[in-house]
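Chains as they are written, first to last, in UniProt numbering: chain C, 1 to 284; chain X, 1 to 137.
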Amino acid sequence: MALSTDESRRMADRLRTDSADLVATWVAKAGAPLTGRLSEGELRRQITELYGVLVAALDEGMTDLSAAPGGELRAVLADLSRGRARQGFSATETAVSVFTLKDALSGRADLADPAELRDFLSFNRFIDELGLFTFSSYSAAREELIADQAEQLLELSTPVVKLWEGVVAVPLVGTLDSARAQVVMERLLQALVDTGSPYAIIDITGVPAVDTQVAQHILKTVVAARLMGAECLISGIRPQIAQTIVALGIEFGDIATKATLADALRHVLRRSAARTGGRAEPVA
Amino acid sequence: MTGDPGEEAQTQAVVSDQDVVRVRQLVRTAAVTAKLSLVDQTKVVTAASELARNTLVYGGGGSVQVRVVRQRRSGVRVELADDGPGIGDLELALTDGYTTGGGLGLGLSGARRLVDEFEIDTAPGRGTRISIVKWAR
Chain C
1 MALSTDESRR
11 MADRLRTDSA
21 DLVATWVAKA
31 GAPLTGRLSE
41 GELRRQITEL
51 YGVLVAALDE
61 GMTDLSAAPG
71 GELRAVLADL
81 SRGRARQGFS
91 ATETAVSVFT
101 LKDALSGRAD
111 LADPAELRDF
121 LSFNRFIDEL
131 GLFTFSSYSA
141 AREELIADQA
151 EQLLELSTPV
161 VKLWEGVVAV
171 PLVGTLDSAR
181 AQVVMERLLQ
191 ALVDTGSPYA
201 IIDITGVPAV
211 DTQVAQHILK
221 TVVAARLMGA
231 ECLISGIRPQ
241 IAQTIVALGI
251 EFGDIATKAT
261 LADALRHVLR
271 RSAARTGGRA
281 EPVA
Chain X
1 MTGDPGEEAQ
11 TQAVVSDQDV
21 VRVRQLVRTA
31 AVTAKLSLVD
41 QTKVVTAASE
51 LARNTLVYGG
61 GGSVQVRVVR
71 QRRSGVRVEL
81 ADDGPGIGDL
91 ELALTDGYTT
101 GGGLGLGLSG
111 ARRLVDEFEI
121 DTAPGRGTRI
131 SIVKWAR
């Protein structure tokens with residue numbers, strides 16, 4: 001507990017006296033480290049809002065930030081941190097907006113008076129609490145951002161391309177974990193429906209290692225594509241991958257596999273020519 | 001080649017899927033340092049990947065040590081350890097196609113075929129320790 005209820009109310013009164021001047025000093029001090037990357041109007045709006053909820057919470061006799069009257073204050077601080085995190089400010093540049101309240105207040109205390117000194121020391125601890133909260137909200141926001149980006153990357157890294165009329169291909173690059181395998185399967189199956197393609201090629205040239213989990217994901221995708229009536233080939237099996245697969249004992253059964261994407265496409269075109277009665281025309 | 005038993009080991013904790021990827025990268029780097037051929041690199045990386053996933057899935061997480069060993073030949077040694085439930089029937093666990101986790105049942109047996117040396121020390125309730133070595137040809 002940083003503040004007692006009485007201290008909290010006394011600080012609220014102190015913050016209210018000459019409030020316009022206090023906010024102006026606070027804005028000036030908070031703005032300095034941001035070197036103009038945040039507009040003054042925006043900063044003033046944030047600080048004024050923060051000031052408003054802070055005084056309101058202190059008025060209610062808030063003893064520490066996690067207590068009930070601090071709800072709105074927590075929300076405003078979290079909002080500020082999230083905004084800064086997304087705008088690319090550092091954690092320090094974010095927390096400094098809170099800590100500069102100390103500087104803004106420092107000129108106003110008569111520290112020779114023991115009672116006043118005690119109040120200010122307690123309030124200092126309380127501001128530290130606010131600062132720490134800002135830090136943790138900031139890092140939480142950054143983690144969200146990273147998770148979002150990882151998800152976007154997941155989508156980016158698994159394009160389904162139309163290779164020919166009636167032939168779609170998925171060039172896999174990188175590690176195929178369960179999450180990505182799921183995305184690949186969904187996208188491939190959707191592409192089969194959207195394009196009405198009877199052939200799909202999964203190209204694993206860019207997959208560095210095929211272990212049993214990767215193989216199992218690929219096999220499941222092939223089976224799912226077959227259930228939808230499409231024929232699915234695997235291409236891009238390099239010599240070292242082939243030898244590893246044999247040593248591991250993985251069997252691809254009757255699934256057609258080819259060394260290169262070009263071979264797979266040739267195979268598919270030949271098959272579709274046979275289907276359409278000898279014409280090397282694309283499948284309708 | 002010196003008679004030096006090994007270079008300093010690199011340790012990687014295995015507690016998530018990302019860690020399995022990190023183990024693969026460590027083993028690949030070590031395999032390149034030990035001058036393994038591309039096929040042998042892929043084999044040892046794949047074996048380490050299988051075993052690390054077993055450590056994660058069945059052992060409930062553990063740690064992996066990767067080191068380049070230099071004796072008459074150079075090679076890569078990977079040691080995996082977990083304090084999980086251990087393996088009761090090793091014979092059965094090493095049978096192709098046997099799985100308790102819905103996989104293909106080829107991880108442990110396949111990994112043994114992919115490397116030159118394979119040692120396993122396990123008992124119910126004692127966790128599992130596996131050491132594999134792949135030598136450069």
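Note that the Cβ used here is the ideal one computed from N, Cα and C, for glycine as well.
DSSP places K162 (chain C) inside the beta strand (DSSP E), whose first and last residues are 161 to 164.
Annotation for Q10 (chain X): the continuous beta strand (DSSP E) segment containing it runs 10 to 14. Rounded to whole angstroms, the gap between the alpha carbons of A24 (chain C) and A91 (chain C) is 23 Å. D113 (chain C) sits in coil when the DSSP states are folded into three classes, being neither helix nor strand. Beta-carbon to beta-carbon, D64 (chain C) and E129 (chain C) are separated by about 6 Å, close enough to satisfy the 8 Å threshold.
DSSP places F118 (chain X) within a strand segment (E or B) once states are collapsed to three. Closest by C-alpha distance to V23 (chain X), out of X:K35, X:V39, X:R53, is X:R53.
Contact between L73 (chain C) and V53 (chain C) is confirmed by a C-beta separation of about 5 Å, below the 8 Å threshold. By the neighbour-count criterion, in which a residue is buried when 16 or more other Cβ atoms sit within 10 angstroms of its Cβ, A34 (chain X) is buried. Listed as beta-bridge partners of D203 (chain C) by DSSP are C:P171, C:S235. In this structure, DSSP gives I250 (chain C) a state outside helix and strand, which the three-state scheme calls coil. Inclusion of Q243 (chain C) and V39 (chain X) in the CB contact set at 9 Å is warranted, their separation being smaller than that value. A residue is called buried when at least 16 other Cβ atoms come within 10 angstroms of its Cβ; A274 (chain C) does not meet this threshold and is exposed. Here the alpha carbon of A224 (chain C) sits roughly 55 Å from the alpha carbon of S97 (chain C). In the DSSP annotation of this structure, the continuous segment of the alpha helix (DSSP H) that includes V193 (chain C) starts and ends at 178 to 195. The residue from X:V32, X:L36, X:A93, X:V27 with its alpha-carbon nearest to that of P124 (chain X) is X:A93. If you draw a straight line from the Cα of D59 (chain C) to the Cα of P69 (chain C), it is about 9 Å long.
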